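Line by line, the protein sequences are chains A and B.
Quick note on the working numbering: the first sequence kicks off at 1 and runs consecutively.
Quick note on the working numbering: the second sequence kicks off at 1 and runs consecutively.
Virtual Cβ for every residue (Gly too), placed ideally from N, Cα, C.
This structure is a prediction, so every number in the text was calculated from the model and none was measured.
Heads up: the structure comes next, in structure tokens.
2 protein chains.
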Amino acid sequence: MSSVQPKVYLEVIKQINQMINEDQLVSGDKLPSERELSDRLDVGRSSVREALRALELLDFIETRRGEGTYIKSFGSYRLVEILLSFLLKDENTRKELTETRRIIELEALRLACERITNESVRQLGQFISRAKEEWSHGDLPVEEDYLFHKTIVESCHNRLLLNLWVSLVEYNKVAISRSLQREGRMPVSLSEHEEIYYALQNRDCERATMAMKQHLENSRF
Amino acid sequence: MSSVQPKVYLEVIKQINQMINEDQLVSGDKLPSERELSDRLDVGRSSVREALRALELLDFIETRRGEGTYIKSFGSYRLVEILLSFLLKDENTRKELTETRRIIELEALRLACERITNESVRQLGQFISRAKEEWSHGDLPVEEDYLFHKTIVESCHNRLLLNLWVSLVEYNKVAISRSLQREGRMPVSLSEHEEIYYALQNRDCERATMAMKQHLENSRF
DNA sequence: TTGTTTTAAGTGGCCAGACCAGTTGAGGTT
DNA sequence: AACCTCAACTGGTCTGGCCACTTAAAACAA
Numbered sequence: 001m002s003s004v005q006p007k008v009y010l011e012v013i014k015q016i017n018q019m020i021n022e023d024q025l026v027s028g029d030k031l032p033s034e035r036e037l038s039d040r041l042d043v044g045r046s047s048v049r050e051a052l053r054a055l056e057l058l059d060f061i062e063t064r065r066g067e068g069t070y071i072k073s074f075g076s077y078r079l080v081e082i083l084l085s086f087l088l089k090d091e092n093t094r095k096e097l098t099e100t101r102r103i104i105e106l107e108a109l110r111l112a113c114e115r116i117t118n119e120s121v122r123q124l125g126q127f128i129s130r131a132k133e134e135w136s137h138g139d140l141p142v143e144e145d146y147l148f149h150k151t152i153v154e155s156c157h158n159r160l161l162l163n164l165w166v167s168l169v170e171y172n173k174v175a176i177s178r179s180l181q182r183e184g185r186m187p188v189s190l191s192e193h194e195e196i197y198y199a200l201q202n203r204d205c206e207r208a209t210m211a212m213k214q215h216l217e218n219s220r221f
Numbered sequence: 001m002s003s004v005q006p007k008v009y010l011e012v013i014k015q016i017n018q019m020i021n022e023d024q025l026v027s028g029d030k031l032p033s034e035r036e037l038s039d040r041l042d043v044g045r046s047s048v049r050e051a052l053r054a055l056e057l058l059d060f061i062e063t064r065r066g067e068g069t070y071i072k073s074f075g076s077y078r079l080v081e082i083l084l085s086f087l088l089k090d091e092n093t094r095k096e097l098t099e100t101r102r103i104i105e106l107e108a109l110r111l112a113c114e115r116i117t118n119e120s121v122r123q124l125g126q127f128i129s130r131a132k133e134e135w136s137h138g139d140l141p142v143e144e145d146y147l148f149h150k151t152i153v154e155s156c157h158n159r160l161l162l163n164l165w166v167s168l169v170e171y172n173k174v175a176i177s178r179s180l181q182r183e184g185r186m187p188v189s190l191s192e193h194e195e196i197y198y199a200l201q202n203r204d205c206e207r208a209t210m211a212m213k214q215h216l217e218n219s220r221f
């Protein structure tokens, strides 16, 4: 006997996936209740729960106590985040993280040069202004820094790439604020942002890339 | 009251992760049994199972009935696979996937030019030879094709990057073999591989990159 | 002693049932 | 019409049970 039958909870996941496809369910729609699934698929409720919990961990679904289970949108940031939390145990991986982030951000910038909208460019400008203002008040514009970079990656209109980037950076947020706190770093960082901004305004890929390289180099995450 | 206490199964995942770190457990090591975890963490066994099933789906652990639960290697390749099986319903995501893969592979190649060992270069040569041989026998050297690319990404010595690449490509294997089956594609693909191989042998980054760009372009995954 | 068989303990797989804690909506009260 | 109240439903969790499988110790046979 080697007829290893697949585990029930995996079967349930398949069924749910199929259910979504057949019924054309989209993000926000409600899934049948655990009890109903258990009934309909003729499996125990615990198996249904194992399947749902796994999908929840992956951010595919969202469960609201007392209400039900809902399909989530494409916000699977947690995916890589989980991966990293299990993977990132030594110094080596940190270097890999930085390197990978650099790659993704630079390439995203390249794509953004061709795809960015005027609206997004305008936003970038705003972030710089707001950062300057905060800085003049003596505050550290960590959030603006983050949004500046994120907007750029968003502007390549590749959600997968954005997902990866967010996951990588999320993990590094501490390092970012530490970087900005370095003596004299802030003004330089700001002018680097401006340079990137101007380059993007002119869709000057070469110049933008050079500026970003410089910026990432100096930031030393 | 808004003190939403975290779900138990998430807590269990945290604990397990911590357990792995503290006890310096590595891939292949055995985790405590479900009943013992349930006992030690003072939660129901069902909660433990929900946690374990979720981790299993992510390929972090492997459960063998009658034996126990074991930590798996960094083989979290299944991640994106699962993600995509749920989300790859529109053409858009497919494009993003291809684009992201292209970026990662090209940049990995750049890094590999500086970091690749002679041994790896030799292996690349072997893969080409073997592919030629198989092809002369009338077989499609899908595996060799895959290994050729994988070895290159491995040679950048960034496991995170490798993980991402494998995740993306794993999903695309079907596409790969379909690509190779295209009339007259195989010989061209082989010669493109050779060009990359020669460039890598000479650590000629520029030439290697150009060749790879060409190759990926023609492959049309 | 050695090699084989049996058996018991341990483990994951799965289920049924129970209770708690939120949410919702229908029906009654004001 | 606006406001309760409460029953029904939903997820969250635990308990305890039974099955199938693995392993190793114990019993047995050579």
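Inset, instruction - Return the CA-CA distance between Ser47(A) and Leu31(A), expressed in angstroms with no decimal places. - result: Separation of Ser47(A) and Leu31(A) (C-alpha to C-alpha, rounded to the nearest whole angstrom) is 16 Å.
Legend entry - Top-ranked residue by Cα proximity to Leu109(A), from His157(A), Glu217(A), Glu134(A), Glu96(A): His157(A)
Inset, instruction - Compare the C-alpha of Val153(B) against each of Glu143(B), Val142(B), Trp165(B) and name the closest. - result: Trp165(B)
Legend entry - Alpha-carbon to alpha-carbon, Leu140(B) and Glu133(B): 10 Å
Legend entry - Interface partners of Leu164(A) on chain B, CB under 8 Å: Thr100, Leu164
Legend entry - Contacts around Met1(B), its chain only, beta-carbon distance under 6 Å, and the 5 residues preceding and following it disregarded: Unreliable placement is indicated for Met1(B), whose pLDDT of 39 sits below 50; the coordinate value is still reported in the next sentence. For Met1(B), where only same-chain residues beyond five positions count, there are no Cβ hits under 6 Å.
Legend entry - At least 3 beta-carbon pairs within less than 8 Å: the region 196 to 207 of chain A vs the region 109 to 127 of chain A: yes
Legend entry - Under 9 Å by beta carbon: chain A residues contacting Glu114(B): Going along chain A, no residue has its Cβ under 9 Å from Glu114(B), so there is no contact; the nearest lies around 12 Å.
Inset, instruction - Ignore the nearest five residues each way along the sequence and tell me which others in Leu161(A)'s own chain have a CB closer than 7 Å to its CB. - result: Ile104, Ala108, Val153
Legend entry - Ranges of the beta strand (DSSP E) found wholly within the region 46 to 76 of chain B, counting only runs of at least 3: 61 to 64, 68 to 71
Legend entry - C-beta neighbour in chain A for Lys89(B), strict 9 Å: Model confidence at Lys89(B) stands at a pLDDT of 47, short of 50, so the residue's coordinates are unreliable; what they give is reported in the following sentence. Yes, because at least one Cβ of chain A sits closer than 9 Å to the Cβ of Lys89(B).
Legend entry - Asp29(B) versus Thr69(B), Gln15(B), Arg53(B), Asn17(B), residue with shortest Cα-Cα distance: Thr69(B)
Legend entry - Inter-residue spacing [alpha-carbon to alpha-carbon] between Ala208(B) and Arg102(B): 14 Å
Inset, instruction - Tell me whether the beta-carbon of Arg65(B) lies closer than 9 Å to the beta-carbon of Ala51(A). - result: no
Inset, instruction - Would you please state the rounded distance, in angstroms, between the beta carbons of Ser27(B) and Ile71(B)? I believe it to be under 8 Å. - result: 5 Å
Legend entry - Test: Leu37(B) CB closer than 9 Å to a CB of chain A: Taking Cβ atoms only, chain A never reaches closer than 9 Å to Leu37(B), which makes this a no.
Inset, instruction - Might you give, ordered along the chain, the residues of its own chain that have their beta carbon closer than 8 Å to the beta carbon of Leu106(B), omitting 5 neighbours on each side? - result: Thr209, Met212, Lys213, Leu216
Inset, instruction - Indicate the three-state DSSP secondary structure (helix, strand or coil) for Leu109(B) in the structure shown. - result: helix
Inset, instruction - Answer with yes or no whether the minimum CB distance from Ser46(B) to chain A is below 9 Å. - result: Cβ-Cβ to chain A under 9 Å: yes for Ser46(B).
Legend entry - Classification of Thr100(A) by the beta-carbon crowding that lies within 10 angstroms, buried from 16 upward: buried
Inset, instruction - Check Leu97(B) in the structure and name its three-state DSSP category. - result: helix
Inset, instruction - Classify Ile82(B) as helix, strand or coil using the three-state DSSP reduction. - result: Because the pLDDT at Ile82(B) is just 47, under 50, the model does not fix this residue reliably, and the point stays unresolved.
Legend entry - Test: Glu192(A) CB closer than 9 Å to a CB of chain B: no
Inset, instruction - Please list the residues of the region 150 to 163 of chain A that have a C-beta atom closer than 8 Å to any C-beta atom in chain B, keeping them in chain order. - result: Asn158, Arg159, Leu160, Leu161
Inset, instruction - State buried or exposed for Arg40(B), treating a residue as buried only when at least 16 other CB atoms are found within 10 Å of its CB. - result: exposed
Inset, instruction - Tell me, please, which residues DSSP counts as bridged to Lys132(B). - result: None; Lys132(B) has no bridge partner.
Inset, instruction - Taking the CB atoms as reference points, tell me whether Leu58(A) and Leu55(B) lie closer together than 9 Å. - result: no
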